[in-house]
Structure formats: C-alpha cells, structure tokens
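The numbering of the sequence shown is our numbering, which starts it at -12 and goes up by one.
Accompanying notes for the structure given below.
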Amino acid sequence: MEEAIKIWHHGLVARWWAEFNEGGEDVEYFKRAILASGQPALDAGCGTGRLLIPFVRDGLDVDGSDAAPDMLDWCQKKLDSEDLKTQLHAQAMHQLDLPRRYQTIVICGAFGLGGTRDHDLEGLRRIRAHLRPEGRLILDHHIPERSASQGELAAGLSAPAADKSTGRRSLQPWPEHGDHRRAADGSDLDLRVRLRNFNLATGIATREICVRQFIDDREVATETYEIDICVYSIDALRGLLESAGFSEIRITGGLEERPVHEGDSLCVFHATR
Ligand SMILES: C[S@@+](CC[C@H](N)C(=O)[O-])C[C@H]1O[C@@H](n2cnc3c(N)ncnc32)[C@H](O)[C@@H]1O
-12 MEEAIKIWHH GLVARWWAEF NEGGEDVEYF KRAILASGQP ALDAGCGTGR
38 LLIPFVRDGL DVDGSDAAPD MLDWCQKKLD SEDLKTQLHA QAMHQLDLPR
88 RYQTIVICGA FGLGGTRDHD LEGLRRIRAH LRPEGRLILD HHIPERSASQ
138 GELAAGLSAP AADKSTGRRS LQPWPEHGDH RRAADGSDLD LRVRLRNFNL
188 ATGIATREIC VRQFIDDREV ATETYEIDIC VYSIDALRGL LESAGFSEIR
238 ITGGLEERPV HEGDSLCVFH ATR
C-alpha cells in the first residue's frame, strides 16, 4: 500500500488548523485517558498539536505522528516556540513504522481519513503492533447514524449536480458564506466545505475544502483540496478493531465514562492489544 492517501491537511488548510483549532474538552479527556492507561504514548494523527502540545506541556511522555507534513511543520513551530521537546513522525497510519513501543496510543478525529477500508484495517494492525503487551488504543468516533452523515447517505442516492462556474459535479454547492477569520499576520482566511460525493458501494464520502486568503480585501491565494472519509457504524468499527487483533473492546458515550446513549453523536473506543 504505497499509494498516497487523499487528505486535505495541506497549505492554507494546515494553517487554518494551526491558527484556529486550539483547546476543546477532548484535550483533558485524552490526557486523563493517557494518565490512566500509561506512558509512553503516541498521538497518531496529531495534526498541529491541539492535544499533543498540552500533553507535552504538562510533562507527559507523548510522541506524535501524522500523514501531513504541513500539519507537523506547524506543530513543530509551536513546540519550538515554547521550547518543548517530543518526537514527530511524518507517517500515515497504514505505513506506521516507528522505533518505539507505546503503552497508550490515542487517535482523536483522525481515523478513517484519506484511504479505503483496507488502509484503515492495515492502520489498526500497525497501531496494534506499536503497542506494548497490554497496551491500549483510545479512539474517538463520530457516530454516523446520529450525525450529519446520515443526511449524506440519503444525499448519495441522488445524482451529483454540476457546479455552474466550474462544471465539476458535486452533491452540494459551496455554501454562500464561508467561515471568515483574521490570521495572526493580519491577512483574512475564508474557509468553505462541501460534500462532493458519497459512494454507496464503498461507504466513502468525499468532501472538498476551499481556503481563500485576502490581504486588504484583495484575494491573494486560493487552495482547494479533497478528503476521502470512510464512514463506519459503531458495529463496523468494532468489527474492524477485532479483525486487527484487538481485544477487550469497550465503547463509552460522549466524553464520559458511561455507555453510549441514544442521542450521542460521539463515542470512544477503548481497545487492548
Ligand atoms: C481533524 S485533524 C485532527 C488533528 C488532531 N488529532 C486534533 O484533534 O486536533 C486530522 C489529522 O489526521 C491526519 N490524518 C488523516 N489521515 C491520516 C492517516 N491515514 N494517517 C495519519 N494521519 C492522518 C491529518 O493529516 C490531520 O492532521
């Protein structure tokens, strides 16, 4: 499996993450999970370090890995700015090959991205191989049955419409207004996302992102990327973890130590090597 995965975490998108994605209640949740499950830990799909940097700042022994070099560049810059040290590895999960073995591996918002179900299975096998005996994987999961993806499944049944200006076919048009924010250097970034395609046969949603940069209201850059997202039900993801060899799979609801409830859109998988 040497082919590139399709993710959108490059260039201005990576910059958007670095500038605007900070904090969140999951940071404390995963920190407590690492303290309970043990160190050293790996944050796989660490991105620009939203979780990793607070972990390292708090003295945890956590390395980071990610498929997107641009995300890791931002992460390294942030680490350097605080004189924090850890190991960052530019590797996709299905190609993970690191020198260290971990007591805990956390994956937050980074599973099922960029490839196929085969990539994901291989990714979980590699994650498992990087755990110490009795080591734990802690993986958050947005439940498609109870989130916007259900609408996407329905949308996948209808034919994509062609974009008037570009002729590209897409299930959704670009939203009329983007998320518009001022960046640290004083330029403005505008981000829009749309669903391009949902493949009912493979269960893969393709989303498209466009970030435009403005200086004094003049557009100076536009970057557009796509990402493939494998959509998993809770049962399908449990099955994938079992196929990868994990045992004692426990699923908790929200970011709490309790079973999954009817209204939950997020759950967390805890699995032992
Ligand atoms: C939504 S961001 C989450 C980043 C970070 N975990 C957080 O919660 O802020 C997803 C990250 O996963 C990375 N990623 C996507 N697919 C990946 C893969 N197959 N292997 C490794 N990293 C991947 C992306 O490059 C991106 O940095």
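For every residue, glycine included, the Cβ atom is placed at its ideal position computed from N, Cα and C.
With a 10 Å radius around its C-beta and 16 neighbouring C-beta atoms as the bar for buried, classify residue i as buried or exposed.
i, result
"Val73", "This sequence places Thr at residue 73; Val is not what is there. Buried."
"Pro120", "exposed"
"Asp57", "buried"
"Asn8", "exposed"
"Asp84", "exposed"
"Ala28", "buried"
"Thr209", "exposed"
"Gly190", "buried"
"Ser52", "buried"
"Ala188", "exposed"
"Pro131", "buried"
"Glu243", "exposed"
"Gly10", "exposed"
"Arg194", "buried"
"Ala192", "buried"
"Leu144", "Low local confidence applies: a pLDDT of 49 at Leu144 is under 50, so the model's placement there is unreliable, and no value is given."
"Gly102", "buried"
"Asp251", "buried"
"Ala302", "Since the first residue of the chain shown is -12 and the last is 260, residue 302 is not available in this structure."
"Asp30", "buried"
"Arg115", "buried"
"Asp45", "exposed"
"Arg2", "buried"
Taking 7 Å as the cut-off, does the CB of residue i come closer than this to any heavy atom belonging to ligand 1?
i, result
"Cys217", "no"
Mind checking whether residue i and residue j have CB atoms under 8 Å apart?
i, j, result
"Gln263", "Ala54", "Summary: the structure shown does not reach residue 263, with the chain confined to residues -12 through 260, and so no result is reported for it."
"Ile(-8)", "His106", "yes"
"Glu163", "Arg183", "no"
"Arg156", "Ser24", "no"
"Ile196", "Ser174", "no"
"Ile125", "Val255", "yes"
"Ile94", "Gly(-2)", "no"
"Asp166", "Arg199", "no"
"Leu108", "Ala231", "yes"
"Leu47", "Lys65", "no"
"Cys217", "Gly99", "yes"
"Thr259", "Glu229", "no"
"Leu71", "Ile40", "yes"
"His257", "Arg225", "no"
"His129", "Leu253", "yes"
"Thr35", "Trp61", "yes"
"Arg87", "Leu118", "no"
"Arg179", "Gln159", "no"
"Asp222", "Asp127", "no"
"His81", "Arg113", "yes"
Can a CB atom of chain B be found closer than 8 Å to the CB of residue i?
i, result
"Leu38", "Checking the listed chains, one finds no chain B in this structure; it contains a single protein chain."
Following a CB-centred definition, is residue i positioned closer than 7 Å to any heavy atom of ligand 3?
i, result
"Asp84", "Ligand 3 is not part of this structure, which contains only ligand 1."
Please output, in chain order, the residues near ligand 1 using a CB cut-off of less than 5 Å to any non-hydrogen atom of the ligand. Working through the chain, the matches are Ile(-6), His(-4), Gly32, Gly34, Arg37, Asp53, Ala54, Ala55, Met58, Ala79, Met80, Cys95, Gly96, Ala97, Leu100 and Gly101.
Which full runs of the beta strand (DSSP E) of 3+ residues lie inside the stretch 12 to 80, going along the chain? 28 to 31, 49 to 53 and 75 to 77
Could you tell me which whole alpha helix (DSSP H) segments of length 4 or greater appear in the stretch 81 to 120? 104 to 116
Quick one: which unbroken beta strand (DSSP E) runs of 3-plus residues sit fully inside the stretch 228 to 258? Chain order, please. 234 to 240
Those runs of the beta strand (DSSP E) which lie wholly inside the stretch 157 to 236 and span at least 3 residues: 166 to 169, 175 to 186, 191 to 202 and 205 to 217
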